[in-house]
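**Student:**
Numbering (the working numbering), first residue to last: 55 to 264.
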């Protein structure tokens with residue numbers, strides 16, 4: 055992506071934060087980007103295309119957070135919540151460090167634009183995150199008892215929502231906020247992050263007593 059196009063994307067997200075998703079105009083974006091509306095239209099055919107590409111850009115950047123992290127499956131059974139936090143905390147801090155992107159992302163996900171966009175988008179860039187989810191499911195089969203789409207949607211979108219509260223000054227950007235938010239999210243996971251007892255060939259439960 056060339057520098058001008060990137061500058062337009064960041065200007066658009068800043069404009070959405072300032073004027074709202076519905077209220078933002080191409081003129082607002084071009085002024086913040088320091089280019090003419092005509093020059094902007096050479097890169098984006100419409101406001102809708104620009105907004106959609108902003109979301110794709112930020113979503114890819116957020117997904118890349120997981121590509122820089124390592125998850126050791128051997129440590130998961132002993133400290134499952136710690137394993138989740140080691141992945142969640144860098145993701146949360148990604149958002150709290152990017153106010154314009156966070157507000158934009160939250161507003162777009164909550165808008166009438168998103169359902170149509172979501173039907174056709176390519177999510178192959180989420181492969182690393184999906185692989186990590188698979189590792190958790192293999193280590194903790196109890197996770198299969200709940201709707202996976204709903205579970206991870208709750209974790210990811212709630213994380214962005216709380217990050218939005220931080221960048222807007224509703225919540226302090228502090229370690230206490232991070233710990234509290236994580237505890238709230240992890241409470242919904244903790245009951246499923248347990249290893250199920252294995253059964254003997256005769257059907258008895260290992261470790262059970264008669």
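Heads up, the beta-carbon is just placed ideally off N, CA and C, and yes, glycines get one too.
1) Which residues mark the beginning and the end of the alpha helix (DSSP H) in which residue 227 is found?
2) Using a Cβ-Cβ cut-off of 7 Å (strictly less than) and excluding sequence neighbours within five positions of residue 8, which residues of its own chain qualify?
3) Could you name the residues of the same chain whose beta carbon sits closer than 6 Å to that of residue 220, not counting the 5 residues immediately before and after it, in chain order?
4) Do you know offhand how far residue 262's Cα is from residue 233's?
5) Restricting to Cα atoms, I'd like to know which of 90, 180, 133 and 124 is closest to residue 110.
6) Candidates 194, 122, 166 and 121: which alpha carbon is nearest residue 106's?
7) Can you grab the Cα-Cα spacing for the pair residue 60 / residue 96, in whole Å?
8) Please return the same chain residues whose Cβ sits closer than 7 Å to the Cβ of residue 243, not counting the five positions on each side in sequence.
9) Tell me which residues share the same chain as residue 192 and place their Cβ nearer than 6 Å to its Cβ, disregarding the 5 neighbours each side in the sequence.
10) Cα separation between residue 159 and residue 122?
11) Using CA coordinates, which residue listed in 145, 161, 148 and 112 is at the minimum distance from residue 277?
12) What residue does the alpha helix (DSSP H) around residue 121 start on, and which one ends it?
13) Just the C-alpha distance for residue 184 and residue 198, rounded to the nearest angstrom, thanks.
14) Taking C-alpha atoms, which residue in 56, 63 and 57 lies nearest to residue 154?
15) Do you know how far the Cα of residue 189 is from the Cα of residue 70?
**Tutor:** In terms of the structure at hand:
1) Segment: none, residue 227 is in no alpha helix (DSSP H) and carries neither H nor E.
2) As shown, the chain starts at 55 and ends at 264. That puts residue 8 outside it, with no answer to give.
3) 150 and 227
4) A caution first: residue 262 carries a pLDDT of 41, below 50, which makes its placement in the model too unreliable to give a value.
5) 180
6) 166
7) 13 Å
8) 138
9) none
10) 21 Å
11) Residue numbering for the chain in the displayed model covers 55 to 264; residue 277 lies beyond these limits and cannot be assessed.
12) 101 to 121
13) 14 Å
14) 63
15) 37 Å
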